[in-house]
Every structure is written in structure tokens, then in C-alpha cells.
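The numbering used here puts the first residue of the sequence shown at 74, with every later residue one more than the last. Ideal placement from N, C-alpha and C gives every residue a C-beta, glycine not left out.
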Amino acid sequence: MQRTLLIIKPDAVKKKVIGKIISMVEKEFAIRGICMKTLTPEEAKKFYKVHEGKDFYEGLVEFMSSSPSVGVLLEGENAIYRLREIVGATDPKKAKPGTIRSLFGTNIRFNAVHASDSPEAAKYEIPFYFPNWDA
Ligand code: ATP
Ligand code: MG
């Protein structure tokens, strides 16, 4: 059994598709937690530390700390890989039809959701929304 973190990003919260996205992942995984919060700029910087220095980093931090997002803690067999499949490619235009990003993303920055991409990433990311859990 594996845990992973889905974040419903501020753009998707504003579009009022929290329920639709949760309903898609609820069919596939056990939901262990849901937490709405606005990341501070410091938290967003830390969360996306791997992208520090890239041209989109500052804009990404500003976006992710601009308004509330929803962390969803999911559990299941091979959950990290399977969630990435359901989420789709980073650029919604390139995401397969039926994936969360193809349905709800706007562009490569405002792409509706985040999903952990490795067990190490899940372990690092889960406590930003669920301080009492680990991966
Ligand atoms: P995430 O980590 O959010 O699940 P990802 O793993 O598919 O997405 P990353 O390469 O890790 O993609 O990029 C992190 C986030 O940074 C993207 O989800 C997107 O919001 C933003 N981003 C990535 N590339 C660009 C870009 N070229 N221009 C603007 N924003 C970008
Ligand atoms: Mg990533």
C-alpha cells in the first residue's frame, strides 16, 4: 500500500471543480485526509524547491500561495504511478483526454492539480498539508 498527495491547485478551487476532481480519485483510491489551506510564500518555495532557479519558479510560487488549495491524501496499490496517470501531462493541451488536467487545466502553469512523482517526493510533500502523517 502506498500513499500519495494530490493538490487541487488554486485555479481549480476558483473554477469550483473540487467535487468533480475528488469524485474522480475517490473511485480509485482510499481518501485518508482532505485539507484546505493557503500555502504561505515560504511554504510554496519549499514545496517546489526542486524547481528553484527555473524560469517558471517565481510565478509558480506566487500562484500556489495566492489563494486556497486542497490537499488530498490518497492511499492504494501503486498509488503514486496510478495517480500520475489519472492526472495527465503537465501541459493540459498534451494531457490525454479524460485526465484531470485535460478536463480542468487551463495552461501549463494553471494546470488544476499536483501529484507526487516518487515515494521520496510523497514523503516530503504530505506533511505540508498533513503534519501528522507520513508516506
Ligand atoms: P506537479 O509537480 O505540479 O504535479 P508536474 O510534475 O507535472 O506537476 P513539474 O515539471 O514538476 O510538473 O512542474 C511543477 C509545476 O510548475 C507544474 O505543475 C506547473 O504548474 C508549473 N510549470 C511547469 N512547467 C512550467 C512552464 N514551462 N511554465 C509555467 N509553469 C510551469
Ligand atoms: Mg512535479
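Delimiting residues of the alpha helix (DSSP H) encompassing residue i
i	result
GLU125	No alpha helix (DSSP H) contains GLU125, which DSSP labels as neither H nor E.
ALA194	192–202
VAL98	91–99
ARG174	173–177
LYS119	114–120
Element boundaries [beta strand (DSSP E), containing residue i]
i	result
ILE81	75–81
ALA103	103–110
Straight-line gap, residue i to residue j (C-alpha atoms, nearest Å)
i	j	result
ILE159	ILE80	13 Å
LYS87	LYS93	13 Å
PRO83	ALA185	7 Å
GLU115	LYS167	31 Å
LEU156	PHE203	18 Å
ARG182	ASP164	8 Å
VAL90	SER96	10 Å
ALA152	THR77	6 Å
ALA194	ALA117	14 Å
PHE120	PHE201	8 Å
LEU27	MET74	Outside the displayed range of the chain (74 to 208) lies residue 27, so it cannot be described from this structure.
TRP206	PRO170	33 Å
Residues bridged to residue i (per DSSP)
i	result
ALA188	LEU79
Which parts of the stretch 142–167 are runs of the beta strand (DSSP E), unbroken and 3 residues or longer, counting only runs that do not cross its ends? Taking only runs of at least 3 residues, the beta strand (DSSP E) segments lying wholly in the stretch 142–167 are 142–149.
Three or more C-beta pairs closer than 8 Å, one from the stretch 142–151 and one from the stretch 95–111: is that the case here? Using a C-beta cut-off of 8 Å, the stretch 142–151 makes contact with the stretch 95–111, since at least three inter-stretch Cβ pairs fall below that distance.
Are the stretch 169–177 and the stretch 128–139 touching by the rule of at least three beta carbon pairs closer than 8 Å? Pairwise C-beta distances place the stretch 169–177 out of contact with the stretch 128–139, as fewer than three of them are shorter than 8 Å.
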